[in-house]
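Below is one structure; the comments refer to it alone.
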């Protein structure tokens, strides 16, 4: 299906979704949020896709935020609905059974940082800047930023970023655990491509189990998390991929996982 504000490309089992509004620094308006939701749904249903990469077009921005011109005209009722749309999308991304990697090529501010936070892994260009500047507009994060950032960096750091609205450099974001890795701009695409390719070769059921166990375990008590891990481990052991993986290990060869 065609998109107005997204570019979709496939390379083997990796699908790259690029927010393509460079004249607006890839800001998230309602249409873009809707298209991202549809694109994630399609990627989830496509059995050939094992990994999704999210990035932004141009050299300046990953996603520089939500569309301020659109927000400015909203009533409180409309703003509540807009927030719900954004939160639903971010939850869909975080809850994906396939790894989603953010390639942060530039500014990731406001809704852009919230989009990055919803991804499972985040690789940033050294030129990237990340922040939640909504307070400078008289508003606050509405796409889950307060909650996901809190869970990553703790109360003190989350409050500092949200209350000051000041963006941080990519290196600082790595120190805080917001991004996994920082690379030079020309190394971003190959680094993300290598990581995505590695993830795409993993056994899909094991990947789904890890994503669910970590995501749900982070919100649960230890015993609930352990029970989920046990259930997902048992499910992995019922697959052909488990037999292939263990056989390959014993035979000292590289396994080929087929998702069965």
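Residue numbers (the working numbering): 25 to 284. Note that beta-carbon positions come from the ideal geometry of N, C-alpha and C, so glycine has one too.
Checklist entry - By a C-beta neighbour count over all protein chains shown, 10 Å radius and 16 as the cutoff for buried, is residue 184 buried or exposed? => result Burial check for residue 184: the Cβ neighbour count within 10 Å stays below 16, so the residue is exposed.
Item to check | Every unbroken beta strand (DSSP E) inside the segment 152-194 [3 residues or more] | outcome: Listed in chain order, the beta strand (DSSP E) runs fully inside the segment 152-194 are 153-155, counting runs of at least 3 residues.
Item to check | For residue 251 and residue 139, the rounded distance between their alpha carbons | outcome: 30 Å
Item to check | Chain-order list of residues whose beta-carbon lies under 6 Å from that of residue 27 (same chain, five-residue window excluded) | outcome: 59
Item to check | Completely contained alpha helix (DSSP H) runs for the segment 58-116, where each covers 4 or more residues | outcome: 92-96
Checklist entry - What is the C-beta distance between residue 232 and residue 121, in whole angstroms, given that I count them as a contact (C-beta under 8 Å)? => result 4 Å
Checklist entry - Which ranges does the alpha helix (DSSP H) cover as unbroken runs of at least 4 residues, wholly within the segment 250-278, from first to last along the chain? => result 264-274
Item to check | 8 Å Cβ cutoff met for residue 200 and residue 216 | outcome: no
Checklist entry - If you draw a straight line from the alpha carbon of residue 223 to that of residue 282, how long is it in whole angstroms? => result 13 Å
Checklist entry - For residue 38, which of helix, strand or coil comes out of DSSP? => result strand
Next on the checklist: I'd like to check one pair, residue 51 with residue 87: are the Cβ atoms closer than 8 Å?
Outcome noted: Taking 8 Å as the cut-off, the beta carbon of residue 87 is found closer than this to the beta carbon of residue 51.
Checklist entry - Distance, Cα to Cα, residue 205 vs residue 80? => result 18 Å
Checklist entry - According to the neighbour-count rule (16 or more other Cβ atoms, all chains shown, within 10 Å of its Cβ), is residue 104 buried or exposed? => result With fewer than 16 Cβ atoms within 10 Å of its Cβ, residue 104 is classed as exposed.
Checklist entry - Can you list, in chain order, the residues of its chain whose CB lies under 8 Å from that of residue 39, leaving out five sequence neighbours each side? => result 32, 33, 67, 70, 73, 75, 76, 77
Checklist entry - For residue 98, which residues of its own chain have a beta-carbon under 8 Å away from its beta-carbon, when the five flanking residues on both sides are left out? => result 106
Item to check | Same chain, Cβ closer than 6 Å to residue 241, neighbours up to 5 away in sequence not counted | outcome: Closer than 6 Å at Cβ, skipping near neighbours: 249.
Next on the checklist: Considering only their Cβ atoms, is the gap separating residue 136 from residue 82 smaller than 8 Å?
Outcome noted: no
Item to check | Residue of 42, 92, 125 minimising C-alpha distance to residue 218 | outcome: In this structure, 125 is the residue among 42, 92, 125 with its C-alpha nearest to the C-alpha of residue 218.
Checklist entry - If you draw a straight line from the alpha carbon of residue 43 to that of residue 195, how long is it in whole angstroms? => result Rounded to whole angstroms, residue 43 and residue 195 show a C-alpha spacing of 24 Å.
Next on the checklist: With H, G and I counted as helix, E and B as strand and the rest as coil, what does DSSP make of residue 203?
Outcome noted: Of the three classes helix, strand and coil, the one that applies to residue 203 here is coil, per DSSP.
Item to check | Under the three-state DSSP convention, the category residue 145 falls into | outcome: Here residue 145 carries a strand assignment [DSSP, helix/strand/coil].
Checklist entry - Taking buried to mean at least 16 other C-beta atoms within 10 Å of its own C-beta, is residue 56 buried or exposed? => result buried
Checklist entry - Which of helix, strand or coil does DSSP assign to residue 226? => result coil
Checklist entry - Under a Cβ-count criterion, where at least 16 other Cβ atoms within 10 Å of its own Cβ denotes burial, should residue 190 be classed as buried or exposed? => result exposed
Checklist entry - Looking at the unbroken beta strand (DSSP E) that takes in residue 49, where does it start and where does it end? => result Neither: residue 49 is in no beta strand (DSSP E) and is coded neither H nor E.
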